[in-house]
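Novice:
Protein chains: 2
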Amino acid sequence: MFDFTLDATSGPARAGTLTLPHGTVETPVFMPVGTQGTVRALSPADLRAAGATLVLANTYHLHVRPGEQVVEKLGALHRFMSWDRPLLTDSGGFQVFSLEGFRRVDDDGVEFQSHVDGGRRTLTPERATEIQWILGADIAMAFDHVVPGGADAANAREAMERTLRWLERCAKRHAELKASYDATTLRHTSAPDDHVQRSVEASCRQTLWPILQGGTHLELRTEGLRFPEDLVAAVERGVDLFDCVAPTRNGRNGSAFTPDGPVNIRNAEHREDPQPLDATCDCETCTTFSRGYLRHLFMAGELLGLKLLSLHNVRYLIRLAGEMRAAIRRSAFGPWAAEWRRRYLHSGSA
Amino acid sequence: MFDFTLDATSGPARAGTLTLPHGTVETPVFMPVGTQGTVRALSPADLRAAGATLVLANTYHLHVRPGEQVVEKLGALHRFMSWDRPLLTDSGGFQVFSLEGFRRVDDDGVEFQSHVDGGRRTLTPERATEIQWILGADIAMAFDHVVPGGADAANAREAMERTLRWLERCAKRHAELKASYDATTLRHTSAPDDHVQRSVEASCRQTLWPILQGGTHLELRTEGLRFPEDLVAAVERGVDLFDCVAPTRNGRNGSAFTPDGPVNIRNAEHREDPQPLDATCDCETCTTFSRGYLRHLFMAGELLGLKLLSLHNVRYLIRLAGEMRAAIRRSAFGPWAAEWRRRYLHSGSA
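Protein chains in written order, with our numbering: chain A, 4 to 353; chain B, 4 to 353.
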């Protein structure tokens, strides 16, 4: 499963630059997912080496564990996870609406059951905004009502209209927080702790983004997504940001992206293969280790294998996004995509 | 459980330098254990950053999986695991003698059952030497007959005498291999693959070390070893090299070494603690992350936590060995050890 962020109208492939408190981000961009404030198996140093410019963290997960108050006491999300480049937090809406177990939705918000301790909790547009403000990511997302891809037109319309009403409440609360923190910042200009000061300043420069469920987004969600093929298709339709747990999840399962299609490193054919996973890749995994060694790590159940394939897959998607940006800028996205598909889809061992 | 290598007579604490094909090693030294050709959860770059100068790999494990022929085809052990500093392989004796299941010992060698595929295999002094020659570590260990710590005097004596007979056979086979490879090397001086060439050269410079079971070694094995207290005690008795899986195993369990004793990072007291694990430590974990974040990683079951605590614990022991070398060199090991024990044993939260 992977997610897109795009504006309400789909359009041609396009490239651009986002200027954010913790740096600039060239789009289209792939965001690694740091669900619990860490991209699974990778350190911030690994992510920097892989060229990640923007990381996504999940508001719902951080809210239920360790709780946004703990993250705040430890210097807000950037300092907590020691990531000094831009961060985006989702709204929590997607997780709340896709959780198993109790859930009650009305116009005020959503009551649900925590997957960690089973306790009842409530998220409203205001609470989702406050939690994200405390976390202090560069980009906060408005709280949305997510309906299943198969929802009928009436339910989809109801959710979209509710999401628009909730967007107004998110924007109002965000503006209030900003006004109150602007005052707080003035009082804290001589704060001894630079990190806390920077964290408050970052929140004050936080951007709130709307999210619209429906249309292109819904259609894509309902398809069985084949990754990274759909990523190229998404950029073709004007997508700016995309995130996905596939690179790390697939990596932990021994599946690696390569220009010639996915490779399952557990296959016996790699047993004595001295070649790198992807000869075109510049990541630590590909410049350091043979396929034979990587296969050994997986067959022997060694943790290092999980990291090395995760790292390569993240780097692969970041490089893929970079190639797409370059193709867009030279007005050659169509031919680039055709050639990419020809190579990716017509070969590969897994 | 941890192991020592020391000469047959115990003596006062001492420091020295080993000159090996892949570099020099200052002793006393802590060797991280790369059982299956990888130190669990750590990459070679992590190990270099932690200051590791010598890594131990297990002959038995690499023999049963992936097999020394695979390691050879992938350029021998250094290239296989991408570690360019000195390596030591144990003889396989310890594992063979401590395996559950079938085992038959006579003067020729040991027949045993592989823990991976259940197949019957035989290790003799000659085979253990050949396997280690193929692996190509800087230091190979002679094949030894290991008896349980509780063995009676007659059995211990029999094993020691057998080990001495086996040592002669190991040394003979090692000399034969060296002579035949010296000739091979002459034929390969124009080999196109530098790595293979270097690997053959490394084997030709491989040192075979004897190992004696009994005496101090046995006494230590029979005690319930408390780590790293026993490490200081071992150096006090003249130990040069020590290896242990405790730093990575304990690390994966959330237990970290600090100068004030072990810390269990899962304890609730660390929930909002902005301090590093060990304020005196220069590792990536301690210079980058708070105890609160590390606790979160463990509570959330995140892989990064396993790596970060393993990395710190390895760095802790490498620094501890460095402190011991410095104390020995200024002829102050006794007072240093007293002060170290006072601090380590009289406080700590786990």
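Beta carbons: idealized from backbone N, C-alpha and C, even for Gly.
Predicted model, so just to flag it, every value in this text is computed and none were measured.
Among residues of its own chain, excluding the 5 on either side of F83(B), which ones have a beta-carbon nearer than 7 Å to its beta-carbon?
Specialist: Within the same chain, F83(B) has close Cβ partners G40, V74, L77.
Novice: Quick one: measure Cβ to Cβ for H315(A) and G257(A), integer angstroms, because I've assumed they're closer than 8 Å.
Specialist: Not a contact, Cβ separation roughly 12 Å.
Novice: Using a Cβ distance threshold of 8 Å, determine whether the segment 291-301 of chain A contacts the segment 21-41 of chain A, with at least three qualifying pairs required.
Specialist: No, because fewer than three Cβ pairs between the segment 291-301 of chain A and the segment 21-41 of chain A fall closer than 8 Å, the two stretches do not touch.
Novice: Alpha carbon to alpha carbon, what distance is there between G95(A) and V32(A)?
Specialist: Between V32(A) and G95(A), the C-alpha separation is close to 21 Å.
Novice: Report the three-state DSSP secondary structure of Q116(B) (helix, strand or coil).
Specialist: Looking at Q116(B) - three-state DSSP - the assignment turns out to be strand.
Novice: Could you give the distance in angstroms between the alpha-carbon of G227(A) and the alpha-carbon of E179(A)?
Specialist: Low local confidence applies: a pLDDT of 39 at G227(A) is under 50, so the model's placement there is unreliable, with the coordinate-based value given in what follows. Near 41 Å, if we compare the C-alpha coordinates of E179(A) and G227(A).
Novice: By alpha-carbon positions, which one of D147(B), S334(B), L306(B) ends up nearest to M163(B)?
Specialist: The shortest C-alpha separation from M163(B) is found at D147(B).
Novice: Can D281(A) and C289(A) be called in contact, C-beta distance under 9 Å?
Specialist: Yes; because the gap between Cβ atoms is below 9 Å, this pair is in contact.
Novice: Report yes or no: do the segment 92-107 of chain B and the segment 55-67 of chain B share at least 3 C-beta pairs separated by less than 8 Å?
Specialist: Result yes; three or more Cβ-Cβ pairs closer than 8 Å.
Novice: With L23(A) and I142(A) assumed to form a contact (beta carbons below 8 Å), what rounded beta-carbon distance in angstroms separates them?
Specialist: So it is a contact: roughly 7 Å between Cβ atoms.
Novice: Just checking my contact of R149(B) with F100(B) at CB under 8 Å: how many whole Å lie between their CB atoms?
Specialist: Just to set this straight, residue 149(B) is Val in the shown sequence, not Arg. Yes, they are in contact, since the Cβ atoms of V149(B) and F100(B) sit about 4 Å apart, within 8 Å.
Novice: Can you tell which of P89(A), A52(A), Y63(A), A79(A) has its C-alpha closest to the C-alpha of T127(A)?
Specialist: Selected option, being the one with the closest Cα: Y63(A).
Novice: Please confirm whether Q39(B) has its beta-carbon closer than 9 Å to some beta-carbon of chain A.
Specialist: Interface residue, yes.
Novice: Would you please verify whether the beta carbon of T62(A) is less than 9 Å from any beta carbon of chain B?
Specialist: No - not a single Cβ of chain B is within 9 Å of the one on T62(A).
Novice: So the candidates are C286(A), G139(A), G121(A); which of them puts its Cα closest to the Cα of S206(A)?
Specialist: Per the Cα distances, G139(A).
Novice: Provide the residue span of the alpha helix (DSSP H) that contains G325(A), from first to last.
Specialist: Unbroken alpha helix (DSSP H) run through G325(A): 306-332.
Novice: For Q135(A), which residues from the same chain have a beta carbon less than 6 Å from its beta carbon, with the 5 sequence-adjacent residues on both sides left out?
Specialist: Cβ within range, chain order: T62, T92, A143.
Novice: By the three-class DSSP mapping on this structure, what secondary structure does C284(B) have?
Specialist: C284(B): coil per DSSP, three-state reduction.
Novice: From which residue to which residue does the alpha helix (DSSP H) around W343(B) run?
Specialist: Where W343(B) is concerned, the enclosing alpha helix (DSSP H) stretches over 336-348.
Novice: I'd like to know whether the C-beta of G78(A) is nearer than 9 Å to at least one C-beta of chain B.
Specialist: G78(A) counts as touching chain B.
Novice: Quick check on the DSSP output: the beta strand (DSSP E) that includes G37(A) runs from which residue to which?
Specialist: 32-37 is the span of the beta strand (DSSP E), which, as asked, contains G37(A).
Novice: Per DSSP, what are the beta-bridge partners of V235(A) in this structure?
Specialist: Its beta-bridge partners do not exist; DSSP assigns none.
Novice: For chain B, is any of its Cβ atoms less than 9 Å away from the one on H299(A)?
Specialist: For H299(A), the answer is yes, since a Cβ of chain B falls inside 9 Å of its Cβ.
Novice: So what's E272(B) in DSSP terms, helix, strand or just coil?
Specialist: Correct three-state label for E272(B): helix.
Novice: Put N256(B) into one of helix, strand or coil per three-state DSSP.
Specialist: Coil, per DSSP.
Novice: In the DSSP assignment, the alpha helix (DSSP H) including G1(B) goes from what residue to what residue?
Specialist: Lying before the first or after the last residue shown, residue 1(B) is absent from chain B, which here runs from 4 to 353.
Novice: Checking the sheet assignment: what are the DSSP bridge partners for R124(B)?
Specialist: Beta-bridge pairing links R124(B) to F115(B).
Novice: What residues of chain B sit near M302(A), judged by a beta carbon separation below 8 Å?
Specialist: In chain order: R68, P69.
Novice: Are L306(B) and L306(A) closer than 9 Å when you measure CB to CB?
Specialist: For L306(B) and L306(A), yes; Cβs fall inside 9 Å.
Novice: Taking only beta-carbon atoms, is E287(A) less than 9 Å away from chain C?
Specialist: This model lacks chain C altogether, as its protein chains are A and B.
Novice: Could you name the residues of the same chain whose beta carbon sits closer than 7 Å to that of E129(B), not counting the 5 residues immediately before and after it, in chain order?
Specialist: The answer, listed in chain order, is R172, R176.
Novice: I need the DSSP call for V28(B), collapsed to helix, strand or coil.
Specialist: Of the three classes helix, strand and coil, the one that applies to V28(B) here is strand, per DSSP.
Novice: Show which residues of chain B have a CB atom less than 8 Å away from the CB atom of Y296(A).
Specialist: The contacting residues are G40, L77, F83, M84, S85.
Novice: Got a sec: is the Cβ-Cβ distance from V266(B) to anything in chain A below 9 Å?
Specialist: So, not an interface residue.
Novice: Give every residue of the same chain whose Cβ lies closer than 6 Å to the Cβ of P47(A), excluding the five residues on either side of it in the sequence, and list them in chain order.
Specialist: Excluding sequence neighbours, P47(A) sits near S85, W86.
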